[in-house]
Amino acid sequence: MEHFALGHWLLVLAYLTSVVGCALGLACAVQARYAADPRHRVRWLVLAAISIGGVGIWLMHFVAMLGFSTPGMPVRYDIFRTVLSAILSVTAVFAGLVVVGGRAKFGWWRLALGGVITGLAVNVMHYTGMSALRVKGDFGYNGGLVALSVVIAVVAATAALWFAVFLDSLPLRLLAGFVMGAAVTGMHYTGMAAVRMTMDMNAPDPAGAEVFSFLFPVFVLAAIAMAVPLCAVLMAPAVSPKATETEPAEGDVVVV
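Residue numbers (the working numbering): 2 to 257.
Right under this line is the structure:
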């Protein structure tokens with residue numbers, strides 16, 4: 002099997018795709034922390050989850066998978082599991098952001114828990130997406146590299162959330178997008194390095210769709226999905242911690 006059949010430039014494209022989605026999503030998460038209305042807070046978190054989970058994680062995965070091939074043999078994808086991986090990714094990221102980004106005041110345990118959930122969201126998406134892979138043969142994983150991929154995603158995602166949440170500097174928030182993009186990309190290629198395949202030339206061609214057949218419409222949908230949070234962030238008023246002095250106490254309910 003090959004991971005860079007189209008060239009190593011695909012790694013750069015996949016990384017930049019992840020950075021854009023993660024940076025925009027983290028910007029939405031910052032807006033959520035300072036939103037006075039709980040309904041607005043939830044809307045910002047939904048936009049953040051779509052940006053990070055849908056573009057920064059899910060789309061990045063399949064951009065990178067453009068370079069995956071088994072020379073001389075077809076590679077196909079089960080559409081249902083592919084769509085399921087996108088839903089799981091967005092849902093899991095939303096859960097993590099509710100924990101870490103749902104209010105302006107929170108403890109370190111919120112950051113740790115949010116980082117774990119968000120990092121695991123990267124892994125959930127990757128391995129669910131890989132379960133959609135169909136080849137002429139079987140494949141499994143090296144357990145040690147799978148564990149390493151989990152650690153990479155959780156640690157880097159936690160660091161990215163720390164940058165975005167605790168620092169008010171725009172350059173450092175942008176840096177958070179690059180850090181989280183590194184988490185997603187690093188986890189992906191570590192997970193791919195864990196793959197162990199046993200090919201069978203006599204097996205029938207696998208059923209399913211080619212990655213090129215569904216990735217173009219996905220790019221169009223992603224562009225539309227990115228336009229909404231981007232416009233919302235650009236038009237949103239500047240946020241300030243001073244504007245949140247009336248935030249609920251630690252024991253209050255955050256999202257209703």
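From the three backbone atoms N, C-alpha and C, an ideal C-beta is built for every residue, glycine too. Computed from a predicted model, the values in this text were never measured in an experiment.
By the criterion of a C-beta distance shorter than 6 Å, residue 159 is surrounded in its chain by 116, once the five residues flanking it on both sides are discounted. The beta carbons of residue 15 and residue 58 sit no closer together than 8 Å.
About 12 Å separates the CB atoms of residue 67 and residue 219; that is not less than 8 Å, and the two are not in contact. The Cβ atoms of residue 21 and residue 50 do not sit closer than 8 Å to each other.
The beta carbon of residue 209 lies closer than 8 Å to those of 77, 78, 79, 80, 133 and 135 in the same chain, with the five residues before and after it left out.
When only Cα atoms are considered, residue 42 and residue 9 end up about 40 Å apart. If you draw a straight line from the Cα of residue 19 to the Cα of residue 180, it is about 10 Å long. Distance from the CA atom of residue 99 to the CA atom of residue 93, rounded to whole angstroms, is 10 Å. In the structure shown, residue 24 falls within a helical segment according to DSSP collapsed to helix, strand and coil. Between residue 55 and residue 183, the gap from beta carbon to beta carbon reaches 8 Å or more.
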